[in-house]
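The block underneath contains the structure these notes are about, expressed in structure tokens.
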């Protein structure tokens, strides 16, 4: 057998092994889930568009999904970010049980969880199962084009793309990327610098590797711009509320004057 044939044979064999491993993981998750809580399809949050999750959780529109908020908080409070985080899966059975709890809208007792890798892999699973990327599918081609520019140009172009995203998508980015920056800050311990985080999350978030790296390297600039934009929106909202209040007061005043005129007419008649 030639070297080339051997190479492709090994490559095929590796892919087959990965498929078998993936199938084994899926089977293990299904077995773990089937023995847990029954899931009402209208409550499920994994594999559901971001814009629909808030309603299912009874939260305000645009709220970050509970699974992300709670899992990130758990990892931040634990503060370990040890070697293997976001690379190792942890307990597949435990992860399936956690997923089942979120999909059935039940509370999660994080005090009973001792493995940060299980929680980190649940976050990855949530993003992986989203039917559409956080940046939305319609921006896929534009992001690919942006990735061809230098980082400074990428940053300014990314800001414009992010500003047009749905509110919940922006909120998810605003909680997740600062978390990843804190993970990378401990890369001397966990070996997860920006490059390695990109290897893990670029495919998961469906982002070109260069775009993912720019998001982390330039996050402060991106977030500052988003904050300013949000402040402008809030000011506009306040002005709108003032105008509406003023209009309501004017209407009340008109009604009061009209009523007084009618009362005066009645007095004159009597």
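Residue numbers (the UniProt record's numbering): 1 to 270.
All C-beta atoms in this analysis are idealised placements derived from N, C-alpha and C, irrespective of residue type, glycine included.
Please read all numbers here as calculations on a predicted model, not as lab measurements.
Next on the checklist: What ranges does the alpha helix (DSSP H) occupy inside the region 106-134, keeping only unbroken runs of at least 4 residues that lie completely in it?
Outcome noted: 116-129
Next on the checklist: Among the candidates 256, 212, 134, 208, whose CA atom is the shortest distance from the CA of residue 68?
Outcome noted: 134
Checklist entry - Using the beta-carbon count (16 or more within 10 Å), is residue 198 buried or exposed? => result buried
Checklist entry - Shortest alpha-carbon distance to residue 128 belongs to which of 252, 206, 119, 175? => result 206
Item to check | Cβ pair count under 8 Å reaching 3, the region 80-88 against the region 44-55 | outcome: no
Item to check | Local conformation of residue 164 per DSSP, three classes | outcome: coil
Item to check | Beta-carbon gap between residue 172 and residue 64 smaller than 8 Å | outcome: yes
Item to check | Alpha-carbon spacing of residue 167 relative to residue 263, whole angstroms | outcome: 51 Å
Item to check | Simplified DSSP assignment, three categories, for residue 47 | outcome: coil
Next on the checklist: So for residue 64, helix, strand or coil by DSSP?
Outcome noted: coil
Checklist entry - In three-state DSSP terms, what is residue 249? => result helix
Next on the checklist: Once DSSP output is grouped into helix, strand and coil, what is the label at residue 88?
Outcome noted: coil
Next on the checklist: Please list the terminal residues of the continuous alpha helix (DSSP H) segment that includes residue 214.
Outcome noted: 209-217
Checklist entry - Do three or more CB pairs link the region 77-84 to the region 113-127 at distances below 8 Å? => result yes
Item to check | Three-state secondary structure (DSSP) of residue 136 | outcome: coil
Next on the checklist: I need the straight-line Cα distance from residue 179 to residue 227, nearest angstrom please.
Outcome noted: 17 Å
Checklist entry - With burial defined as no fewer than 16 other Cβ atoms inside 10 Å of the residue's Cβ, what is the status of residue 145: buried or exposed? => result exposed
Item to check | CB contact flag (residue 125, residue 106, <8 Å) | outcome: no
Checklist entry - Taking Cβ positions only, does residue 170 come closer than 8 Å to chain C? => result No chain C is part of this structure, which consists of one protein chain only.
Next on the checklist: Using the three-state DSSP reduction, which class does residue 81 fall into: helix, strand or coil?
Outcome noted: coil
Item to check | The alpha helix (DSSP H) enclosing residue 196, as first and last residue numbers | outcome: 194-205
Item to check | Among 143, 151, 148, 71, nearest to residue 113 - alpha-carbon criterion | outcome: 71
Item to check | Expected contact under 8 Å - CB spacing of residue 159 and residue 222 to nearest Å | outcome: 6 Å
Checklist entry - Looking at the unbroken alpha helix (DSSP H) that takes in residue 190, where does it start and where does it end? => result 187-190
Next on the checklist: On the criterion of 16 or more Cβ atoms from any shown chain inside 10 Å, does residue 214 qualify as buried, or is it exposed?
Outcome noted: buried
Checklist entry - For residue 152, does the three-state DSSP call read helix, strand or coil? => result helix
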